[in-house]
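Undergrad: Going letter by letter, the sequence shown gives residues 28 to 160 in the working numbering. Just dropping this structure here.
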Amino acid sequence: AGPGMGVGFGSESVVAVRTLEDVAIEDARYRATDAKTVKPAPSVEGAAMKKLLQSNDVCQKCVRVVGESRWLSSQDTRTRVLGIDDETLGMRVAKTVEDLDAPHLRPTSITQRLDNGVDNSCHSLITLLANVG
28 AGPGMGVGFG
38 SESVVAVRTL
48 EDVAIEDARY
58 RATDAKTVKP
68 APSVEGAAMK
78 KLLQSNDVCQ
88 KCVRVVGESR
98 WLSSQDTRTR
108 VLGIDDETLG
118 MRVAKTVEDL
128 DAPHLRPTSI
138 TQRLDNGVDN
148 SCHSLITLLA
158 NVG
């Protein structure tokens, strides 16, 4: 397989179909683990969000995943967010995570998933931006 080709590309590959039940089980597992995890301080989340927004690598991934127009349309929000102090930004993040019941929106969680090759986490970053900016 050349660059850009998916894994399992071929006639003998079998793609497992994830059911709604599978997703619910994975979600429950994620939430159970998250509930036991010590949450980073707000200033840590604020700093992590800024680091994501300042990373060329993250920006390139997000342009690819969410589309150039959607990423570019968040430019003003990104600029505003970068001007907020870490503690205040972290408090906004915490409120968003709580209001949306969405622990996967924590910047430290997004960073971890992006570092592990889950580029679709860019959707989480865009959602978070829309709610804290």
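Glycine residues also receive a C-beta, built at the ideal position from the N, C-alpha and C atoms.
Could you check where the alpha helix (DSSP H) with A121 kicks off and where it finishes?
TA: 113-126 is the span of the alpha helix (DSSP H), which, as asked, contains A121.
Undergrad: Going straight from the alpha carbon of D146 to that of T123, what length do you get?
TA: Near 21 Å, if we compare the C-alpha coordinates of T123 and D146.
Undergrad: If you count every other CB in all the chains shown that lies within 10 Å of the CB of I137, and 16 or more means buried, which is it?
TA: By the 10 Å Cβ count, I137 comes out buried.
Undergrad: Can you check whether the CB of G160 is closer than 8 Å to the CB of V92?
TA: Taking 8 Å as the Cβ cut-off, V92 and G160 do not qualify as a contacting pair.
Undergrad: If you draw a straight line from the C-alpha of V90 to the C-alpha of K63, how long is it?
TA: Taking the straight line from one Cα to the other gives about 33 Å.
Undergrad: Near C149, what residues of its chain come up, given a Cβ to Cβ distance below 7 Å and the 5 sequence neighbours on each side ignored?
TA: Answer for C149: K88, C89, V92, V93, listed in chain order.
Undergrad: Hey, out of R56, T46, A75, whose CA is closest to A121's CA?
TA: That would be A75, whose Cα lies nearest to the Cα of A121.
Undergrad: Grouping DSSP H, G and I as helix and E and B as strand, with all else coil, what is G144?
TA: Coil, per DSSP.
Undergrad: Among the residues of its own chain, which have a CB less than 6 Å from the CB of G31, if the five just before and after it don't count?
TA: Legend: pLDDT at G31 = 48, less than 50; position of this residue unreliable, value from coordinates given subsequently. Counting only Cβ-Cβ distances below 6 Å, and skipping sequence neighbours, we find nothing.
Undergrad: Look at the alpha carbon of L141 and the alpha carbon of P134, and state the distance between them as a whole number of angstroms.
TA: For L141 and P134, the distance between alpha carbons rounds to 10 Å.
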